[in-house]
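Under this note's numbering, the first residue of the sequence shown is numbered -2, with each subsequent residue one higher. Just so it is clear, CB atoms sit at the ideal spot from N, CA and C, and this is done for glycine as well.
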Amino acid sequence: MHLSGSFVAYLVVLIAVGAVILPLQAITRNGFIRGKLRFSLLVIVAAAGYEIASNYYQLHYQLPTDQPSAIGKLLLALAIVNAIAALLFNPFRQEKISDRYPRIVQDAVVVGAFVLVATSVAPDKLWATSAIGGLVLGLALQDTLGNLFAGLAIQVEKPFGVGDWIKAGDYEGRVAEVTWRATKIRAKSGKFVVIPNSLVSKDTVVNYSKPSPIQRMSFSIGLAYDVPPNLVKRVAVETCAAIPSILKEPAPDVLLTQYADSSINYSCRFWIDDFSRSDPIIDEFATLLYYRLKRAHLNIPFPIRDIRITQPVAEDQVEADGSRLAFVEKAGLFRNLEMADKEAIARIMHPVTFAAGETIIRQADAGDSMFFVKNGCVRVVLESNGERHEVTQLTDGDFFGEMALLTGEPRSATVMAVCDVEAYVLSKEPFREVLQQNPAIVEKISETMALRKAMLEQQASQMSTLAIRIQAEEQQNFLVRIQRFFGLG
Ligand code: CMP
């Protein structure tokens, strides 16, 4: 069998290209490159097979054979262009597709380069087939081509990339992939939504991740007409400050938006940097706002058409006379008091509610109130340099916050609500009068305080980093210190 020089040269090039691609394909860590190189190898094998078969056929029938065929050359060109694009655009040692040149762009480059080579290798054949082929293909693939060009436009213009949170039309989610045909997003509900690229490019696209992941959220709320707007704004802004996921900068703000039928409406606006958590963050804000408004005695009103006649003052009074007194009667601390004194205490106690997880008292703060747990459970925690140790838990009927209230010292520990807690709060001035009448209460409280202090010290000695000041002097009789602080005879 006689083989021409150029045919042998062609075969040598084919084998050389295969010999380069084969080891690269074996050593790359990138599965995408591996797949592309495997495709090139397949094309090389097909080209070699085709050429050898056609050469054999031509020899057999004694046809003139000297050159490798145009198809063989085109296949070789395809294998080379495809391999070079894969190696050029993607990281060789990482399992990922280039962010800058996604799959769709790489494919477009390969097709473009291949067409360029093809026009120079076999221009006559290409023109002959392309006119009819283009027409048929164009008609058949109208939609597909629309999506394809839209996909290319998206890649070039880059209104969003993989990993961004977007809203396209009615769909909101994180972009998982942009292919030739469609943009795939994963919605917050977990649904995988495939939107044809032509729709994406026609619709308005909102990108929540770029140019910056910081987004403003807003939450609307209505409060009664007798509530001063500045007070509402203060409570809402403080609520934002208590939620770590809400950014301090840009600062949150509250706008009065409407004097509505039954309420003054406000829009609470705050910034977050993790859009994927926007719903739970809004929920956290709305929930905490409820408790804080309730504590500030700011009620969210019923619609004006509600025919219930609510009289908060009267209700408060009923509570004072009923359940507050019942609570005081049961509380161990007040057991031995006269009925008149119990009623006096019931009158100066105010109900407060805390959300589960909320910090009621913060260690080292100044404090001029103490609390009685009516319902629920709190944790007493000793903190130092980020180290936290639970000292104890207190529940229905227990009291806390007495140390700072009665001695004027900073809070000795942090107290947090374990679950939603209903409590009564007593503040210094009204309590002073009750204490003056009933020195026995002071004695009883000072006993409890000494015990608690001892527990705190024991806990402190186990904490390596404890920096708070606990001195032997503080063991001294609390009784004397309380009397001194309150100016009790
Ligand atoms: P105060 O120091 O005002 O604020 C923190 C409160 O935690 C403190 O008052 C006590 O009421 C409470 N506390 C501190 N140590 C203990 C303890 N060992 N047992 C129960 N309560 C405590």
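Query                                                                                                          : Result
Span separating the alpha-carbon of residue 375 from that of residue 233                                       : 24 Å
Residue 275 - DSSP class collapsed to helix/strand/coil                                                        : helix
Residue 522 in three-state terms, based on DSSP                                                                : This structure gives no information on residue 522, because the portion of the chain shown stretches from -2 to 486.
At least three beta-carbon pairs within less than 8 Å, the region 19 to 26 to the region 76 to 94              : yes
Residue 97, enclosing beta strand (DSSP E) - first and last residue                                            : Counting along the chain, residue 97 falls outside any beta strand (DSSP E), and DSSP gives it neither H nor E.
Extent of the continuous beta strand (DSSP E) to which residue 348 belongs                                     : 347 to 351
Secondary structure of residue 379, DSSP reduced to three states                                               : strand
Inter-residue Cα distance where the pair is residue 43 and residue 142                                         : 29 Å
Environment of residue 475 [buried if 16+ CB atoms lie within 10 Å]                                            : buried
Euclidean distance between Cα positions of residue 111 and residue 3                                           : 22 Å
Integer-rounded CB distance, given that residue 79 should sit under 8 Å from residue 107                       : 5 Å
Three-state secondary structure (DSSP) of residue 292                                                          : helix
Helix, strand or coil at residue 465 [DSSP, three-state]                                                       : Caution applies to residue 465, whose pLDDT of 46 falls short of 50 and renders its modelled position unreliable; the model cannot decide the point.
Delimiting residues of the alpha helix (DSSP H) encompassing residue 415                                       : It is not in any alpha helix (DSSP H) - residue 415 carries neither H nor E in the DSSP assignment.
Classification of residue 395 by the beta-carbon crowding that lies within 10 angstroms, buried from 16 upward : buried
Cβ shell of residue 363 (< 8 Å), same chain only, five flanking positions each side left out                   : 401, 407 and 408
Pair within 8 Å by beta-carbon distance, residue 220 and residue 182                                           : no
Any non-hydrogen atom of ligand 1 closer than 7 Å to residue 190 Cβ                                            : no
Check: residue 438 C-beta below 7 Å from any heavy atom of ligand 1                                            : no
Heavy atom of ligand 1 within 7 Å of residue 358 beta-carbon                                                   : yes
Where residue 480 sits in the DSSP three-state scheme                                                          : helix
With 16 other Cβ atoms within 10 Å as the buried cut-off, status of residue 166                                : exposed
Given 8 Å, three or more beta-carbon pairs between the region 203 to 219 and the region 248 to 262             : yes
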